[in-house]
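Enquirer: Residue numbers for the sequence shown follow my numbering, beginning at -9 and rising by one.
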Amino acid sequence: MSNTTRRALVRAFAKINLCLEVLNRRADGYHNIRTIFQSISLADTIELEWNPGEGARIALESTLDIPNNLVVRAAQAVLDETGAKGALDIRLTKKIPLGGGLGGGSTDAAAVLLALPVLTGQPVPTHQLYDMAATLGSDVPYFLCGGTVLGIGRGTELYPLPDARSGPLALICPTVHVSTPHAYELLNRRAQSEVPEPCASYPPSRKINNSQSLALALGAELPPDGWPGFCWNDFESAVFPEYPQLEAIRDRLSESGASPALMTGSGAALFGIFRHRDDLAGALQNFRKERAFAVRLIGRKQYRSMWRRQLTEHVNGDTWPLQSRYAE
Ligand code: C5P
């Protein structure tokens, strides 16, 4: 690897959860979940400049001031792991709203995990990269894979599914932020009031069924009309009573013709899937007061080819593309 400057400009796509079920609280304080992650076209942009040399310096310039930015922690983890020496300058342009359940910080971190080993010419084995990602956050490993993926355990055990196909989506990002630990706390409180002690698990009847049914529907290439019953987010019943404006947005999405319409992650963003672009355009008229985006689903093939394109000038031999350690 020469001593010349290496640059990459990468896009870090957001995600939604087509289905999200929280099963039980674990001994380590996390919760076991079943979720179907889905990449969408809303993306942050990250410019990386690597200058090989002495020391290991990381500088971040961001359009938003984000304390304890995961991007820097991801870069530090790569430099520590590979022992690469030099200076890294990162410029982050945020488009993905914070605290929306869209994985904004996690996708940025995963983008650095994917790009930096290629830029420094010091690849990190896939299993190690997935471990580093899981250390940074429960959603980060998903973004190493992209597309439609079943996530279980903490959300870090991943099984790629056939790509979901749908018409365009409206993504509505209200100004309220719901912190993930707070959303889990609300869910626990609610479960405790419903289930007698010890509260090791939540009402089990429909658990597993939604994500399993949705995975089967995707496998059978059913259109979104065949998903709504299975598109489910356990956080809605916990978060909506505290933030009724979110439920109102979901209902307005449904009334505007979206099917399904759902909150993503632990909130507060909501999405609605439409059949045609014209339907979406009409519906967006009803959300002029909110921050609303027209987005589309991104399949895994597209996700991976975008990554290949972004890094093509730096890729050498077999360092790319990454394979999921769980499937494919
Ligand atoms: O893994 P991450 O740092 O994104 O998680 C943030 C918080 O969300 C955790 O500290 C935990 O409170 C909660 N969490 C959880 N179960 C998960 C994922 C996150 O309880 N599967």
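We treat Cβ as the ideally placed atom computed from N, Cα and C, and that holds for glycine.
Are there 16 or more other CB atoms within 10 angstroms of the CB of K5, so buried, or fewer, so exposed?
Expert: Its Cβ being crowded by 16 or more others within 10 Å, K5 is buried.
Enquirer: Indicate whether I26 and N7 have their beta-carbon atoms separated by less than 8 Å.
Expert: In this structure, N7 lies closer than 8 Å to I26 by Cβ.
Enquirer: Quick check: the Cα distance between P186 and P231, rounded to an integer number of angstroms?
Expert: Caution is warranted here: a pLDDT of 49 is assigned to P186, below 50, making its placement in the model unreliable, and no coordinate value can be reported.
Enquirer: Let me check you understand the geometry: is the CB of Y174 closer than 7 Å to at least one non-hydrogen atom of the ligand C5P?
Expert: Yes.
Enquirer: Determine the direct distance from the alpha carbon of L301 to that of A2, and round the result to whole angstroms.
Expert: Cα-Cα distance, rounded: 13 Å.
Enquirer: Is there at least one non-hydrogen atom of the ligand GTP closer than 7 Å to the beta-carbon of T170?
Expert: Here the bound small molecules are the ligand C5P; the ligand GTP is not part of this structure.
Enquirer: Determine whether the beta carbon atoms of L38 and L78 lie at a separation below 8 Å.
Expert: Yes; because the gap between Cβ atoms is below 8 Å, this pair is in contact.
Enquirer: Among the candidates T83, E71, G43, whose CA atom is the shortest distance from the CA of T53?
Expert: Among T83, E71, G43, the Cα nearest to that of T53 belongs to T83.
Enquirer: Could you please give the first and the last residue of the uninterrupted beta strand (DSSP E) stretch that includes E147?
Expert: Residues 147 to 150.
Enquirer: Identify which residue in L208, L109, V108 has its Cα closest to the Cα of P152.
Expert: The shortest C-alpha separation from P152 is found at L208.
Enquirer: Quick check on the burial criterion: 16 or more other C-beta atoms within 10 angstroms. Buried or exposed for D18?
Expert: When all chains shown are included, D18 counts as exposed.
Enquirer: Below 8 Å CB to CB, which residues in the same chain sit around V68 once its five sequence neighbours on both sides are set aside?
Expert: So the list reads A74, V102, L103, L106, P107, T110, V114, M122, once near-sequence residues are dropped.
Enquirer: Determine the burial state of D241: buried for a count of at least 16 other Cβ atoms within 10 Å of its Cβ, exposed for fewer.
Expert: Label assigned to D241: exposed.
Enquirer: Which residues does DSSP list as the beta-bridge partners of G76?
Expert: Paired residues: P42, A46.
Enquirer: Shorter than 7 Å, the distance from the beta carbon of Y149 to the closest heavy atom of the ligand C5P, or not?
Expert: No, Cβ of Y149 sits at least 7 Å from all heavy atoms of the ligand C5P.
Enquirer: Rounded to whole angstroms, what's the CA-CA distance from L204 to N41? Just pull it up for me.
Expert: For L204 and N41, the distance between alpha carbons rounds to 46 Å.
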